[in-house]
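*Asks:* Can you read through this structure? Questions will come right after.
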Amino acid sequence: MQIIHKIDNFLFTIFPALAKDHDSIIPTLENYYTYGPFKPKITIDDDIVKIDVDLPEINSQDADYKKMIDLSEKGKYTEAKPILQKLIEKNPTISEYHRILGQILSDQGDQEEAINSLIDALRWDSKNKWALMMMGNIFAKYKDDTETALKYYNQAIVANVQDHISLTNIAFLLMKKNKNEEAKNYLWEAIKINNQFPNTHFLLAIIAEIENDLPSAFFSTVEAIKTNKNRDILYEDSVKKAFEIANRIVSLKQGANIFREYQHKLESETGVKIDIQQDSNIKTAAKIEIAENYNHPTHVLKYKPGHPAVEHLIMHELVHLDFITQARKENSNLLFLSNQEHSKKFKKDFEATSRKMKRAGYSEETINSFCEKIFVGTNLQIYNTPIDLFIENFLYNEYPDLRAFQFLSLYRLIQEGLEAVTNKGVVEIAPKEILSASKIYNLVYGLQFKELYGLDFIKDFKASPSELKLAHDFYNEYLQYRDDKEPAEEYEMLIHWAEDLKLDQYFELSDENDYLNNRTNIENLLSSIEKDPYYMESKDPYKKRQQEKFNKSQEDIGLNMAVVGHMAEALIFFKTFSLNGIKRVAVEIATLGTQGFNPAKTDYRINSIPRKQFTGYQILSYMYVSFALAIPEGVDELGLNYKNEYEMAKEMSDQK
């Protein structure tokens with residue numbers, strides 16, 4: 332079969348590479364029209380290129396060739412060799428036949444005959460890179476002849492300049508001869524060609540370890556793990572090497588130098604000393620108590636002794652302080668609060684588990700203790716998980732010298748989380764919804780650990796498809812924030828995730844300034860409430876989200892007749908009040924509502940109207956009416972879509 336092309340713009344259109352390099356016409360077309368070991372004959376006559384493909388020969392030998400390849404791949408060399416030898420007899424000019432025979436002979440241990448076959452392969456095609464590679468391997472591995480091996484490896488590179496495998500093999504030979512600098516040059520060239528070949532990274536790690544450059548050794552070992560898609564021997568060796576090197580780095584006791592520098596930076600920035608101390612009684616591996624929130628003269632950073640690579644824990648908590656400091660500069664820092672009301676709600680939701688534990692013979696004390704631990708642990712996960720992702724990303728990128736510490740520490744935390752959500756005893760008695768939420772939070776940690784260090788524990792969590800999907804959704808949301816995160820944006824993620832997991836009823840977020848200042852003096856509140864009634868300008872994403880949800884529910888309801896009735900009642904009630912009296916009521920209700928009102932609640936009270944108990948909708952109605960009468964410029968800032976209800980209420984009250 333003959334194919335004819337005219338050398339013109341159309342040929343360059345269907346073979347774009349030729350437009351840039353006309354001299355590559357023959358090799359490009361030869362590469363395209365080669366079928367297995369069968370190469371076409373290509374000739375150029377003026378502006379015509381002819382490709383001769385021997386279809387009868389291909390058809391006659393193709394079936395035998397495929398059968399031989401299949402047998403060889405299965406290691407059935409005794410059956411494959413006779414077929415291959417017949418193919419060579421029929422067509423001895425095909426280089427690849429000789430190369431495959433050389434590989435079979437080498438695998439069978441006959442290196443001399445393997446060399447002879449490979450020489451035949453190279454005589455028919457001196458650029459057969461796999462034959463060149465095999466020759467190099469045989470002389471390096473079986474003949475201990477580095478000099479000859481390098482000749483073949485270098486020729487393989489000449490034949491294929493994009494051959495990262497040959498470059499890596501050459502580097503391995505040079506390393507064995509203690510020529511590490513030359514080996515590294517080849518390895519870096521290999522990485523330029525293909526940075527996803529784990530063998531190259533692993534060799535760089537070994538050389539760096541030999542040179543006692545442990546940080547570089549750790550980095551390259553992790554790259555070997557991350558680029559290895561198969562859990563093969565090299566993967567296992569890479570994981571083992573990563574732990575060995577990380578432990579060696581930690582044992583040098585130089586981690587304190589990293590956190591001391593960061594500690595001093597933050598002390599200078601905040602103007603407050605940071606006291607770092609051991610504490611075996613804290614519920615987490617480490618925590619920081621912010622001076623202003625705990626009435627301490629200093630920030631107090633506590634960590635559990637005995638935790639591996641504790642320097643990472645200290646750095647982690649320092650970044651917490653750093654993030655808080657940045658948020659404070661923007662007046663956007665929030666406090667995570669959980670009180671007795673939240674605890675009571677959790678215990679109510681925990682009743683089914685309590686009954687199950689009681690039937691199983693657990694004491695009341697044990698049940699209460701377990702409930703409390705689950706409640707505290709859940710809130711710790713709600714608060715920490717989204718924030719910790721940003722912290723670990725910050726540490727990984729800004730403090731590369733800390734990576735070995737981070738690797739060991741996060742591995743320990745991942746394993747603890749894994750045990751917590753797969754332990755048979757816990758799984759049997761823990762509330763299913765809480766256990767599922769905890770598993771999802773831990774999966775998110777696992778996804779980041781896989782991204783940073785290549786170790787994949789996702790399957791070990793035995794998560795359901797829906798849990799896996801939600802964990803991936805959360806992590807993808809984090810990725811959207813990650814590269815351009817603004818101060819306090821992590822709180823938005825915290826709220827989104829808690830709502831999706833139906834955990835937002837067990838805590839609240841409060842604007843730090845509002846909480847600490849505790850605006851209880853009504854006279855001082857008056858001017859601020861007029862500027863920011865209902866604290867709607869407060870940068871509190873939780874309050875904002877709750878308000879949006881409430882407004883959406885009101886839109887769905889349409890005209891709320893219950894609110895109309897309460898407003899009409901309020902308008903009549905306020906007829907006996909002075910303007911200042913109404914304003915005091917408005918301010919007190921707004922103060923009470925700094926954390927939002929729950930329309931379903933029925934026991935709100937205010938001092939300005941003693942002996943009266945308000946429902947949620949009733950107190951919202953009184954607040955709207957009091958602002959409309961006494962602080963009308965602040966009504967729109969309340970965020971309540973009650974304009975139509977107010978107009979109807981006025982008509983009703985005027986008729987009475």
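Counting in this note's numbering, the sequence shown runs from 332 upward without gaps.
Every residue gets a Cβ at the ideal spot worked out from N, C-alpha and C, and that includes glycine.
#1: Terminal residues of the continuous alpha helix (DSSP H) containing Thr922?
#2: Determine the closest residue to Lys914 out of Met892, Val966 and Thr933, with distance taken between C-alpha atoms.
#3: Who are the Cβ neighbours of Ile745 in its own chain at under 7 Å, not counting the five residues just before and after it?
#4: Could you tell me whether the Cβ atoms of Leu644 and His638 are closer together than 8 Å?
#5: On the three-pair Cβ rule with 8 Å, is the stretch 640-658 touching the stretch 577-589?
#6: Keeping to the same chain, check which residues put their C-beta closer than 6 Å to that of Leu535; ignore five residues upstream and five downstream.
#7: To the nearest angstrom, report how far apart Glu978 and Leu902 are at their CA atoms.
#8: Can the beta-carbon of Ser437 be found less than 8 Å from the beta-carbon of Met464?
#9: Mind checking Leu971: buried by the 16 CB within 10 Å criterion, or exposed?
#10: If I'm right that Glu427 touches Pro368 with Cβ under 8 Å, what's the distance once you round it to whole angstroms?
#11: Rounded to whole angstroms, what is the Cα-Cα separation between Leu481 and Asn516?
#12: Leaving out five residues on either side along the sequence, give the residues of the same chain with a beta carbon under 8 Å from the beta carbon of Lys793.
#13: Leaving out five residues on either side along the sequence, give the residues of the same chain with a beta carbon under 7 Å from the beta carbon of Tyr593.
#14: For Ala617, is the classification buried or exposed, using 16 other Cβ atoms within 10 angstroms of its Cβ as the cut-off for buried?
#15: Please state whether DSSP places Asp475 in a helix, a strand or coil.
#16: Among all the DSSP beta bridges, which residues are the ones paired with Asp309?
#17: Alpha carbons only, please: which of His673, Thr656, Gln671 and Glu672 is nearest the one belonging to Leu665?
#18: Please return the same chain residues whose Cβ sits closer than 7 Å to the Cβ of Ile541, not counting the five positions on each side in sequence.
#19: Given this structure, state the Cα-to-Cα distance separating Thr477 from Leu504, to the nearest angstrom.
#20: Please name the residue, chosen from Asn509, Asn485, Pro546 and Lys974, that lies closest to Ala735 on a Cα-to-Cα basis.
#21: Determine the direct distance from the alpha carbon of Phe574 to that of Gly440, and round the result to whole angstroms.
#22: Determine whether the beta carbon atoms of Ile414 and Asp395 lie at a separation below 8 Å.
#23: Using 8 Å as the threshold, is the stretch 800-810 in touch with the stretch 680-687, meaning 3 or more CB pairs across them?
#24: Evaluate Asn559 with the Cβ neighbour count: other Cβ atoms within 10 Å of its Cβ, from every protein chain shown; 16 or more gives buried, anything less gives exposed.
#25: Taking Ser952 as the reference, give the member of Glu976, Asn938, Ser939 and Ile382 with the closest Cα.
#26: Should the stretch 759-777 be called in touch with the stretch 600-610, which here means at least 3 C-beta pairs below 8 Å?
#27: With DSSP run on the structure shown, which of helix, strand or coil describes Gln439?
#28: What does a CB cutoff of less than 7 Å around His532 pick up in its chain, not counting 5 residues either side in sequence?
#29: Under three-state DSSP, which class holds Asp791?
#30: Let me check one thing: in DSSP terms, what residues is Glu620 bridge-paired to?
#31: Taking C-alpha atoms, which residue in Gly467, His429, Lys474 and Ile435 lies nearest to Trp455?
#32: Hey, how far is the Cα of Glu821 from the Cα of Trp828?
#33: Which of helix, strand or coil does DSSP assign to Lys560?
#34: Residues in the same chain with beta-carbon distance under 7 Å from Tyr973, minus the five sequence neighbours each way, listed in chain order, please.
#35: Closest by CA to Ala411, which one among Lys397, Pro423 and Leu733?
#36: Check Leu960 in the structure and name its three-state DSSP category.
*Replies:* Short version:
#1: Leu910 to Leu923
#2: Val966
#3: Tyr776, Gly777, Phe780 and Phe788
#4: yes
#5: yes
#6: Leu518 and Ser551
#7: 11 Å
#8: no
#9: buried
#10: 4 Å
#11: 15 Å
#12: Thr753
#13: Met646 and Leu649
#14: buried
#15: coil
#16: In the structure as shown, the chain starts at 332 and stops at 987, and residue 309 therefore has no counterpart that could be examined.
#17: Thr656
#18: Asn511
#19: 7 Å
#20: Pro546
#21: 36 Å
#22: yes
#23: no
#24: buried
#25: Glu976
#26: no
#27: coil
#28: Ser551, Glu554, Ala555 and Thr558
#29: helix
#30: Val631
#31: His429
#32: 11 Å
#33: coil
#34: Val894 and Tyr955
#35: Lys397
#36: helix
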